[in-house]
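These notes are about the structure you will find just below.
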Amino acid sequence: MVERRDGTGNGPHLLRRLSRSAVLRRLRDHAADGAAVTASELVAATGLSRPAVGRALVDLDERGLITELASARPLGAGRPARRFRFAADRGLVAGLEVGPQQVQVLIADLAGQVLTEHRVATTPAAPTVLTAAADATRRAVRDLGRQPGDLWAVGVGSPGVVDPDAGAVRLAPSIPGWAGLPVSRVLGERLGCPVLIDNDVNLATLAERLSGAGRDHRNFAFVYWDERVGSGLVFDGQQYRGSHFAAGEVGFLQAAPGATSSTLGAFEDRVGLPGLLRTLDSAPAELAAVLRSVPEDDRLATLFGCAEPAGAAKLSAPEPVVVQAESLCRKLIADFCDGVAALVLVADPGMLVLGGRVAQAGPPVLRRVREQLRERVLTDPEIVGSELGERAVCLGAMHRALETVDARLEQAISS
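Residues in the sequence shown are numbered from 1 upward in steps of one, following the UniProt record's numbering.
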């Protein structure tokens with residue numbers, strides 16, 4: 001039988017390619033923790049014969065996809081076992097989070113090990129954001145002593161409604177000129193590699209599902225509570241995007257009348273971080289004086305601390321401040337739960353993962369959400385904080401970039 005040029009013919013050539021694929025997959029499974037694997041362990045893990053594993057290791061080594069580690073000679077007689085590891089440093093991937101004020105870049109190897117992170121300021125205009133994203137990525141690669149060609153793929157998390165199949169943003173009021181821009185194509189041309197774009201909260205949800213609080217749950221919702229408010233949904237282990245890629249856009253709920261922003265939805269304008277800080281500015285005089293005495297980034301944590309006995313004692317807060325803080329905390333959490341209750345009633349997730357700076361303002365936030373949400377819904381989902389913090393979007397974008405690596409590696413072993 002004739003072998004096709006792409007290596008996909010039948011017979012011994014196909015079997016050899018399948019063996020390479022199986023061995024490489026097992027080596028990549030161990031790559032995240034840096035573990036090296038012996039040929040005997042690969043035989044046991046793949047079910048292949050020892051000769052088949054041996055041939056596969058030779059083939060993969062010739063392609064530069066694996067590294068053989070030096071083995072220490074055992075104390076007893078016999079030759080030390082040869083150990084192999086996936087050559088994760090063969091290439092790089094990047095995970096980006098772009099926004100109207102900042103671009104965050106994370107560079108990882110092909111095993112998903114983070115090597116460096118960069119943040120750069122930008123302004124809310126599409127050309128500026130694109131330039132900042134490309135420049136920051138190139139700089140991060142260069143700072144590692146690597147070349148632009150070492151970058152295999154880039155994942156990008158963007159605000160707004162994103163069509164990942166088209167590689168474009170359909171709606172993004174926070175970045176003028178961003179909607180309709182073929183971000184994947186334009187950024188890909190600048191960086192010289194495939195670029196995959198998705199909604200930022202969906203990518204944070206992906207990261208939580210793969211390596212965060214949702215990794216052991218098949219049904220959960222991730223709620224991002226920061227300057228904006230949005231959610232990502234996982235049903236039966238799969239992410240749900242909706243018919244128009246707009247599932248989870250709870251920030252646009254009309255649960256909070258009186259929105260003042262042209263770039264935010266009504267709900268997120270009220271309960272997102274800028275809206276919360278506006279509310280703190282109008283707090284009663286005694287409480288406002290305490291909040292103004294700390295940096296703006298610490299004001300929410302200070303507010304919730306004042307409403308807790310231990311926190312009030314630590315801050316030496318007088319009784320009027322404690323009472324005012326308690327009342328304001330209840331109002332802020334109630335406003336948030338009014339909107340999130342709609343998500344819980346419709347989607348019935350088994351767990352809510354809360355991320356973003358507001359959710360991370362301290363344990364009292366999660367406890368109060370649990371208490372007040374319970375009053376508004378028919379079920380009682382588990383409520384936990386994000387395990388990935390501010391890196392969640394970039395990590396999700398990195399995972400999306402790694403999906404293209406699979407295809408590139410399959411192509412490499414098919415030749």
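C-beta: ideal position from N, C-alpha, C; glycine also.
Item	Value
Residue interval of the alpha helix (DSSP H) (run including THR137)	126-143
For ALA317 and GLU326, the rounded distance between their alpha carbons	12 Å
GLU410 in three-state terms, based on DSSP	helix
Length of the line joining the Cα atoms of GLY7 and LEU48	Note that GLY7 has pLDDT 44, beneath the 50 cutoff, so the model's placement of it is unreliable and no number is given.
ILE333 and ARG17 closer than 9 Å at C-beta	no
Distance, ASP348 Cα to GLY112 Cα	32 Å
DSSP bridge partner residues for PHE86 (one or two, in chain order)	ILE66
For VAL169, three-class secondary structure by DSSP	strand
Among GLY192, PRO127, ALA179, the one whose alpha carbon lies nearest that of VAL141	GLY192
Exposure label - ARG228; buried when at least 16 CB within 10 Å	buried
Local Cβ density within 10 Å of GLN104, reported as buried at 16 or more and exposed below that	buried
Residues bridged to ALA153 [DSSP beta-bridge criterion]	VAL93
Among PHE222, GLY157, PHE252, nearest to VAL195 - alpha-carbon criterion	GLY157
THR205: first and last residue of the uninterrupted alpha helix (DSSP H) it sits in	200-211
Residue range of the alpha helix (DSSP H) that includes SER40	39-46
Cα-Cα separation, VAL344 to LEU106	32 Å
Residues near LEU171 in its chain [Cβ-Cβ closer than 6 Å; skip 5 each side]	GLY160, VAL161, ALA179
Sequence-distant residues of the same chain with beta carbon closer than 7 Å to ARG90, five excluded per side	GLY64, LEU65, LEU110
Length of the line joining the Cα atoms of LEU75 and ALA36	Summary for LEU75: the model assigns pLDDT 49, below 50, so the residue's position carries little reliability, and this model does not support an answer.
GLU62, buried or exposed, once every other Cβ within 10 Å from all chains shown has been counted against 16	exposed
Paired residues, beta bridge with ASP380 - DSSP	DSSP output for ASP380 lists no bridge partner at all.
Segment contact flag, the region 336-343 with the region 196-206, C-beta cutoff 8 Å, min 3 pairs	no
Exposure of VAL234, with buried meaning 16 or more beta-carbon neighbours within 10 Å	buried
Opposing strand residues paired with MET351 [DSSP bridges]	GLU382
Range of the contiguous beta strand (DSSP E) that encloses ARG278	Taken as a continuous stretch (DSSP letters only), ARG278 belongs to no beta strand (DSSP E), being part of the alpha helix (DSSP H) at 273-281.
Cβ-Cβ distance between ALA125 and GLY177 below 9 Å	yes
Assigned exposure category for ARG241 - 16 Cβ within 10 Å defines buried	buried
Start and end residues, beta strand (DSSP E) containing residue 431	The structure shown does not extend to residue 431, since the chain is modelled only from 1 to 415, so the question has no answer here.
Cβ shell of LEU92 (< 8 Å), same chain only, five flanking positions each side left out	ILE107, ALA108, ASP109, LEU110, LEU115, VAL141, LEU144, ARG146, ASP150, LEU151, TRP152
Under the three-state DSSP convention, the category ASP269 falls into	helix
DSSP-derived helix/strand/coil call for THR116	strand
Endpoints, the alpha helix (DSSP H) within which SER49 is located	Where SER49 is concerned, there is no enclosing alpha helix (DSSP H), given that its DSSP letter is neither H nor E.
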